[in-house]
Every structure is written in structure tokens, then in C-alpha cells.
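Here it is, written out as C-alpha cells:
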């Protein structure tokens, strides 16, 4: 009966183990989606789960951000506990990431600024003004962090999130919904949500920009999510899923079959595991 899935995470040890965050708490499958069970113990009832992050040191340790705060579990969702150290007003973390180089450092992009924890989520400190609304976070090698924001476009940090600079050369629209890193080519992709004419998916060869539009064919769409799987790029929009192969110039819509009566659903999130498995969270 749950149709609104906001977030996805795949266990790197076993792609049959999947976590999803919905408008009504987190759920888990251990058989590739054949059966699901709710895993809400310890969370505030009716929490809307925005993001799910599996700790790469131990994938049984999962961190979730929700409308009621940030939670963590050490046993694969058996029991959640609230992460402390962040003001109540900043509890809505729309984006969350573990640092690429320092596994005990975590980043939270909230509706009231960007926050950094250097002690395994025990303590948090703000590193932007509170009026910065962050929708997406990606950590890259060498201390680079990118944040996709509302109004300020892409912000770039070169020192593990401590200080920030604008990274918007090539952008005409500043509402960034997601950011993805392509480990093969080292490029960065950013999706724009809200501008159906000048939006789409943009790519930069390095975290320093400049950004250029990636392909044609997304005009009229709000791009809500972006992912890379192998040599293909994927864009989740308000009307279905689109793909662009390396070397191609035009995005094409993918057919989404199944039990859904909606042929082109809204794609809220995308998750890829080593280019072999791609999941789309829809409404």
C-alpha cells in the first residue's frame, strides 16, 4: 500500500539486501524485493525517510535521515537510535554522506545549512550559514565535497566541508536536486529540478567545474535524481526514467513495466551497485 519511496540503499555484499525509505518509515528486503518488512523500531512514528547510507566499514550499520531527525542502527535496521548534537531546527537532513577518505567523518545537508561530524556522528558543527538549503551531497577523493543547494547552485569544499566556494560556471539554474560521481571517468553529474526549460543534467570534468549540459531530450522535465551505472547515465524525472549511453547526444525514455498502472512514474531516487543493479524509487 506504500507508493511513495524517497530513498534507496543496496548492501554491497549482497544486492538482494535492499533498504528503502518511504513516507512511512524504512523497509527492508533480503530476497531482492520479493518480500518486504518494516524496520521502524526506535524511530518516531510516521517519519518520512529522506536518505539511507550504509557505512562502508560495516554495511549492517545504517544511517537514515528523516523529518524527525537523523537515526543510526548497528544491526541492519533491528533497532534505531537518534543521533544527537544537531539543533532541532536543523533536523531535516535532505542529504547525507560518508567521507570518501575518512570513514569516521559524515556530512549532513539540511534545510538550515551544511553540518559536519568528524567523530562518527557523536558531535556536529555547521560550516555554512543557516539560510543555505542543501538537497544533495557527494564526497570525492582528496577532501573535495560538493553540495547541491536551492538558490545557490553547487557549492564546493576542498577541505572536508570546512569552507565553501561557489562552483557554478556554466549553470543558469541554481536548484540542484542530486549530485553523482562517476568513478570511471572522474566526472561529476548534477541534476536540476524546477526549471523545465534550462534544467536537465549537467556534467563537469572535475569538481572545479565548468558545467555543461549533458545531452538533449529532457526539456520539459523536472530532473529529480541522477545516477551512473557502467557507461550509462540515468535521469529520474517527474515523468519517468531516461538514459544516455556514452557517446550519445539524446536522452531516451526507458520502458518501466510491472504491476504499476503508471507508465512513467515520478522517480525520486536512484541507486546503483557496481553498474550491475539499478533501483528506482518512485511515487
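Numbering (this note's numbering), first residue to last: 25 to 307.
We treat Cβ as the ideally placed atom computed from N, Cα and C, and that holds for glycine.
query	result
If you draw a straight line from the alpha carbon of residue 240 to that of residue 304, how long is it in whole angstroms?	22 Å
What whole-angstrom Cβ distance do residue 105 and residue 66 have, given they're in contact under 8 Å?	6 Å
Just how far apart, CA to CA, sit residue 139 and residue 119?	10 Å
Give me the Cβ distance between residue 101 and residue 63, rounded to the nearest whole Å; I'm assuming they're in contact under 8 Å.	3 Å
Sorted by chain position, which residues of the same chain lie with C-beta nearer than 8 Å to residue 68's C-beta, five sequence neighbours on each side aside?	90, 92 and 93
Would you identify the three-state DSSP class for residue 112, choosing helix, strand or coil?	helix
Going by beta carbon distance, what residues of the same chain come within less than 6 Å of residue 293, once the five residues before and after it are set aside?	31, 32, 249 and 305
When DSSP builds the beta bridges, which residues end up paired with residue 122?	130
As a quick exercise: from 40, 88, 193 and 257, pick the residue whose alpha carbon is nearest that of residue 60.	40
So within the segment 239-303, which uninterrupted alpha helix (DSSP H) runs reach at least 4 residues, ignoring any that extend past its ends?	none
Helix, strand or coil: which one does DSSP assign to residue 150?	strand
Who does residue 96 pair with in a DSSP beta bridge?	87 and 105
Can you find at least 3 beta carbon pairs, one from the segment 195-208 and one from the segment 137-151, that sit closer than 8 Å?	no
Provide the residue span of the beta strand (DSSP E) that contains residue 77, from first to last.	73-78
In whole angstroms, what separates the C-alpha of residue 276 from that of residue 178?	26 Å
Relative to the C-alpha of residue 307, which residue among 289, 297 and 300 is closest?	289
Quick check on DSSP: helix, strand or coil for residue 167?	helix
How many Å lie between residue 234 and residue 225 at the Cα?	13 Å
Determine, using beta carbons only, whether residue 160 and residue 172 come nearer to each other than 8 Å.	yes
Alpha carbon to alpha carbon, how far is residue 266 from residue 168? Give it in angstroms, no decimals.	28 Å
Give every residue of the same chain whose Cβ lies closer than 8 Å to the Cβ of residue 175, excluding the five residues on either side of it in the sequence, and list them in chain order.	157, 198 and 199
Could you check which residue in 110, 81 and 76 has the C-alpha nearest to that of residue 96?	76
What does the Cβ neighbour count give for residue 274, buried or exposed, with the cut at 16 atoms within 10 Å?	exposed
How would you write the range of the beta strand (DSSP E) that residue 224 sits in, first residue to last?	224-228
In three-state terms, what does DSSP make of residue 203?	strand
Hey, would you say residue 252 sits closer than 8 Å to residue 261, going by beta carbons?	no
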